[in-house]
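Worksheet: one structure, shown below.
There are 2 protein chains.
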Amino acid sequence: MPMPWRQLPVGVVGLGLIGGSIALDLRQQGLVVHGLVHRPATAERALQRDLVDRVSTDPAVLQGCGLVVLALPLDGLLDPDPKLLAALPPQAVVTDVGSVKQPVLERWQGLHPRFVPSHPMAGTAQAGVEAGLAGLFAGRPWVATPAADTDAAALASVQDLATLLGAHWLCCPAAAHDQAVALISHLPVLVSAALLQAADRSAAAAGDELGALVRALASSGFADTTRVGGGNPQLGTLMARSNRTALLQALQGYRHSLAALEQLVQQGEWSGLQGALQVAQQLRPEFVQPDRSAG
Amino acid sequence: MPMPWRQLPVGVVGLGLIGGSIALDLRQQGLVVHGLVHRPATAERALQRDLVDRVSTDPAVLQGCGLVVLALPLDGLLDPDPKLLAALPPQAVVTDVGSVKQPVLERWQGLHPRFVPSHPMAGTAQAGVEAGLAGLFAGRPWVATPAADTDAAALASVQDLATLLGAHWLCCPAAAHDQAVALISHLPVLVSAALLQAADRSAAAAGDELGALVRALASSGFADTTRVGGGNPQLGTLMARSNRTALLQALQGYRHSLAALEQLVQQGEWSGLQGALQVAQQLRPEFVQPDRSAG
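So the protein sequences, as listed, match chains A and B. For the first sequence, my numbering gives the first residue as 4, with consecutive numbering after it. For the second sequence, my numbering gives the first residue as 4, with consecutive numbering after it.
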């Protein structure tokens, strides 16, 4: 027998990349989806794209939903609209998609009895109502970070949602999630942004000609290493702000790792450097599975 | 009238990715190519792949060549085989493909009167006699770093070669080239390798569960940022060793850029952090042209 939430409309708050993709997948599975958005133009476009069965800028559209996905940016989750809070059905399962979990969990623990903090880890560079696409979560991690007092049936419903969308379900403490994403997601943004700035500044310090030369010679290796550092500044800042402690710890560890490599170069310890680069070469496949590198 | 070098066989020393690709392109242009390799098995395979018209492990195969491309690894260029040196025709134009130019230039200035240091900046992750492919240099930079006493006609011949293969010809001082590649190629290797090591060590320090979690959650952003750091350790070490001074300068600049970002996070200067990430976002397209990002 399907779980109860599947027999009622699903509410999706925010129809950007994540919300829109969840809505599309749910409709393809035959579920009824109600969307809540900010702007009338977004509502109109969501209907044109057939993302939802019903959509409104009025939170009353969530009435009767058995599960509500808060597909909002982190700031919208940490400072939720009182009208949204008032409209959430008390019996509904409520989950979010925020990329930092400890502050979301702390904020929401008192706000709704059936809240389940979760993080579907999928994305593209696109945003907005045009960005949602079918199958975005297939094979991707969907992490829940329940607390001791999280409603067990609500947690099972969110697991059922994630599994229905083809995601790979994981559960861990919110603090562990935030430490992990600091290392593999937020730290790389700063490491990568610093590389762009260093290439620009160091070349500029040596004169205009070197500035032009680095721009002419930069190739795929530089492009790859700087991709996340050249991403959305608001998003990068919001993540750093919401995950500051874990990010500072990650930065400290990174500084030590880089200093160790620098010391090997400084001292001309070439066999030591080669050994360190061998360790890196061996580590990478543990993190980057072939089927995930294009995800 | 075609330039004189085109009317004689071209010698290619080493038939790996770069040498093999040069040979393939030259043959497609109707030129005659003589290959010099280390091992008989490589010679046999080069003939099977139709990379060359003639191939040998005996440097005498270079006899009669009007232009010789030294497609050897950096260590082979910096410590050249005396038998190779003895076999280079004195009238031939000689060029190399080394990724660091100052030490190659210094080493070769006394060795051959018509030596032109050059660096075709193209590559794939492949290596060896199977790796060469047609069209590898099309649209890619081919940088020459002549000294004041470099033979002008020899330089023009190498430019003609690069242009024949569809590359984008550039000339600059060897020191400028080495500073530029330190910033956009060698620094990224260390920055990226340190990220792999930091993610591994920091997670391990927090326990096995976090170690497993970072591996499960790492996705495309981490994959991109760590690609060059997980590359060939011998190659990374050889580049660091051959370009040590410029790399240490680049590392120093990088440390300052990263420390500035860390300080903004530490002090909670969120508008400052967003401004810095905006600068990075604006810088990236200056370095990464759309047509070059897949190169």
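The C-beta atom is built at its ideal place from N, Cα and C for all residues, glycine as well. As the structure is a computational prediction, the values presented were derived from the model and not from experiment.
Residue i in three-state terms, based on DSSP
i	result
B:Ser222	coil
A:Thr148	coil
A:Leu18	coil
A:Arg57	strand
A:Leu250	helix
A:Asp99	strand
A:Gly113	coil
A:His180	helix
B:Leu75	coil
B:Leu190	helix
A:Pro5	coil
B:Gly38	strand
B:Asp294	With a pLDDT of 47 at B:Asp294, under the threshold of 50, the modelled position of this residue cannot be trusted, and the question is left open.
B:Leu87	helix
A:Leu139	coil
A:Pro12	coil
A:Leu241	helix
A:Gly278	helix
B:Pro92	coil
Candidates the options: closest to residue i by CA position
i	options	result
A:Leu50	A:Pro62, A:His180, A:Leu18 and A:Met242	A:Leu18
A:Arg204	B:Ala283, B:Gln200 and B:Pro92	B:Ala283
A:His180	B:Leu216, B:Ser195, B:Asn235 and B:Leu193	B:Leu216
B:Pro93	B:Asp53, B:Gln66, B:Gln105 and B:His37	B:Gln66
B:Ala263	B:His189, B:Gly275 and B:Ile25	B:Gly275
B:Asp227	B:Arg30, B:Ser195 and B:Phe118	B:Ser195
B:Ala147	B:Leu136, B:Ala141, B:Trp8 and B:Ser160	B:Ser160
B:Gln32	B:Ala177, B:Val13, B:Leu158 and B:Arg48	B:Val13
B:Leu20	B:Gly135, B:Leu81 and B:Gln162	B:Gly135
A:Leu164	A:Val192, A:Pro123, A:Ala185 and A:Pro191	A:Pro123
B:Leu168	B:Gly142, B:Val291 and B:Leu190	B:Gly142
A:Trp8	A:Gly23, A:Ala209, A:Leu29 and A:Leu251	A:Leu29
B:Ser121	B:Ala197, B:His171, B:Lys86 and B:Thr60	B:His171
B:Ala128	B:Val231, B:Leu190 and B:Pro116	B:Val231
A:Ala185	B:Leu213, B:Ala178 and B:Glu133	B:Leu213
A:Cys68	A:Leu39, A:Leu81 and A:Gln112	A:Leu39
B:Val55	B:Gly23, B:Ala90 and B:Leu198	B:Gly23
B:Val291	A:Leu251, A:Phe140 and A:Phe225	A:Phe225
B:Pro83	B:Val58, B:Arg57, B:Trp111 and B:Val64	B:Trp111
B:Leu250	B:Thr229, B:Arg117, B:Glu289 and B:Ser188	B:Ser188
A:Leu193	A:Cys175, A:Ala202 and A:Thr229	A:Thr229
Burial state of residue i (16 or more Cβ within 10 Å)
i	result
A:Thr166	exposed
B:Gly200	Note on identity: in this sequence residue 200 of chain B is Gln, with Gly being the wrong assignment. Counting Cβ neighbours within 10 Å, B:Gln200 comes out buried, since at least 16 surround it.
B:Gln105	buried
B:Pro5	exposed
B:Leu114	exposed
A:Gly101	buried
A:Glu109	exposed
A:Ala279	buried
B:Pro43	exposed
B:Gln182	buried
A:Leu88	exposed
A:Gln237	exposed
A:Gly210	exposed
A:Asp61	exposed
B:Gln255	exposed
A:Asp294	Residue placement at A:Asp294 cannot be trusted, given a pLDDT of 47 that sits under 50; the coordinates are not used to answer.
B:Asp78	exposed
Residue i: contacting residues in chain A (beta-carbon distance under 9 Å)
i	result
B:Met124	Leu220 and Ser222
B:Gly69	Those do not exist, as B:Gly69 stays about 29 Å from chain A at its closest Cβ, beyond 9 Å.
Neighbour list for residue i in chain A, Cβ cutoff strictly below 7 Å
i	result
B:Ile187	Ala202, Val217, Leu220, Ala221 and Phe225
B:Leu280	Ala196, Pro236, Gly239 and Thr240
B:Ala209	Gln182
B:Pro191	Leu198, Gly224, Phe225 and Thr228
B:Ala283	Ala196, Leu199, Gln200, Gly232 and Gly233
Contacts of residue i in chain B (Cβ-Cβ under 7 Å)
i	result
A:Arg287	Leu199, Thr229 and Gly233
A:Gln277	Pro236, Gln237 and Thr240
Under 8 Å from the C-beta of residue i: neighbouring residues of chain B
i	result
A:Gly291	At residue 291 of chain A the sequence reads Val, which differs from the Gly that was named. The answer, in chain order, is Ala221, Phe225, Ala226, Thr229 and Gly233.
A:Ala206	Gln182, Ala183 and Leu186
A:Glu47	Here the premise fails: no neighbours, minimum Cβ distance about 30 Å.
A:Leu75	Within chain B, no residue comes near A:Leu75; the closest Cβ sits about 19 Å away, beyond 8 Å.
Partner residues on chain A for residue i, Cβ-Cβ distance less than 8 Å
i	result
B:Gln162	What B:Gln162 touches in chain A: nothing, since even the nearest Cβ is about 16 Å away.
Residue i: contacting residues in chain E (beta-carbon distance under 7 Å)
i	result
B:Leu213	In the structure shown, chain E cannot be found, because the protein chains are A and B.
Against chain B: residues of the region 133-151 of chain A by CB proximity under 8 Å: Contacts with chain B (Cβ-Cβ distance below 8 Å) from the region 133-151 of chain A involve Arg143, Pro144 and Val146, listed in chain order.
If contact means a Cβ-Cβ distance below 9 Å, which residues of the region 83-110 of chain B contact chain A? When C-beta distances to chain A are compared with 9 Å, every residue of the region 83-110 of chain B stays at or above that value.
Of the residues that make up the region 244-272 of chain B, which ones have a beta carbon closer than 9 Å to any beta carbon in chain A? For the region 244-272 of chain B, which is checked against every Cβ of chain A, the residues closer than 9 Å are Arg244, Arg247, Leu250, Leu251, Gln252, Ala253, Leu254, Gln255, Gly256, Tyr257, Arg258, His259, Ser260, Leu261, Ala262, Ala263, Leu264, Glu265, Leu267, Val268, Gln269 and Gly271.
Scan the region 164-181 of chain B for residues whose Cβ lies nearer than 7 Å to a Cβ of chain A and list them as they occur along the chain. Contact residues of the region 164-181 of chain B toward chain A are Leu173, Cys175 and Ala179 (C-beta to C-beta distance below 7 Å).
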